[in-house]
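Residue numbers (UniProt numbering): 1 to 248. C-beta: ideal position from N, C-alpha, C; glycine also. Reviewing the structure listed below.
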Amino acid sequence: MPNGSLDKYIYCNDKNENQERLSWDQRFKIIRDVASALLHLHQEWVQVIVHRDIKPANVLIDQEMNARLGDFGLAKLYDQGIDPQTSKVAGTFGYIAPEFLRTGRATTSTDVYAFGLVMLEVVCGRRLIERREAKNEEVLVDWILELWEEGKLFDAAEESIRQEQNRGEIELVLKLGVLCSYQVESVRPDMSAVMGILNGVLQLPDNLLDVVRAERLRVQPEISMEMLLDMNSTGTLPFTNSFISHGR
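As C-alpha cells, this is what we get:
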C-alpha cells in the first residue's frame, strides 16, 4: 500500500517524529473501515473468517487514506453456526483475548477483542504498554479506565485531536474500545453491533462504566451484550447482585 501501515501514523517515536499526525476525521474513518472489513469477514460471507492477528501493523493505508485489513497468514475459516475447533494459540502478544489463551479457540469475539485495543491505540496515539514517567500511564487500558472513573476520559485522546468538536465521537470510540476489549467474552459486541454504534444506530449501555468497574473487581457478570443493549433502550440497567455471580 502506498502509505504503509497504520502503526507508523499512531506511534510517535524517534523514527517517525516528523510523520504528519492523523486528523480525527482520518482516524475515525480508519476505525470504521476496519470495522466494516471485520463485519464482512465475520458475518457477511458464506463462511466465517477469523483473522487472528488484528493490530495496527496489519492495517494498510492506501493513497486516499482508506484502511485495508491485511496479512491473513494466521486466518481461520469455519462454517456459519459451527463452533471453531481448538488450534495452536497464535497472534501478537497484547492483542490475544484471554479465552483464546485458555481454550485455544479463535472466534469472531477474539478478533473483536483485538480490534477494541486497536481503537484505543488509534485515539490515544500510543502503544498498549509504554514506559512513562507516571507509572499509572504505562498500561493504556488501565490509564483510560482511570481517567474515565475520574470524569476525564477525553484527556486520554492524543493532544493533536483533542478539540471540543471531536469530544462526542472520541469518547464514544474510547468507550466502545473498552467494551470490545472486555475480559468477559459474552459481554463483547459482535461486529454488526460495533458498526451500529459507530454509525449512531445503536447506543452504548448507560451503565457501561459500572460493568467495567465490576470486572476490574474480578466480579463475573451474568449478562450479555444483547441484554445490555435491550435494557438500555428503557433506561439504565441497574447493575445489582441479580446480575452478578460472586466467586465463580
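Alpha carbon to alpha carbon, what distance is there between I61 and I54? C-alpha separation (whole angstroms): 15 Å.
In three-state terms, what does DSSP make of D7? Residue state for D7 is assigned as helix, using DSSP reduced to three classes.
Beta-carbon proximity list for M119, same chain, < 6 Å, skipping 5 on both sides: Within its own chain, the residues whose Cβ lies closer than 6 Å to the Cβ of M119, once the five positions on either side in sequence are excluded, are I31, V173, G177, listed in chain order.
Rounded Cβ spacing between Y9 and R127 (contact assumed at less than 8 Å): Rounded to the nearest angstrom, the Cβ distance from Y9 to R127 is 13 Å, too far for a contact under 8 Å.
Helix, strand or coil for V219 per DSSP? Because V219 sits at a pLDDT of 45, beneath the cut-off of 50, its placement in the model cannot be relied upon, and the following sentence gives the value as read from the coordinates. Three-state result, V219: coil.
What does the alpha-carbon distance come out to for the pair F115 and K135? Cα to Cα, F115 sits roughly 25 Å from K135.
According to DSSP, is P2 part of a helix, a strand, or is it coil? P2: coil per DSSP, three-state reduction.
Does DSSP put V141 in a helix, in a strand, or in coil? In this structure, V141 counts as helix in the three-state DSSP scheme.
In the structure shown, what three-state DSSP assignment does V50 receive? Shown here, V50 sits in a strand according to DSSP, grouped into three states.
Is it buried or exposed, G4, if we count other Cβ atoms within 10 angstroms and call 16 or more buried? G4 counts as exposed, since fewer than 16 other C-beta atoms from the protein chains shown sit within 10 angstroms of its C-beta.
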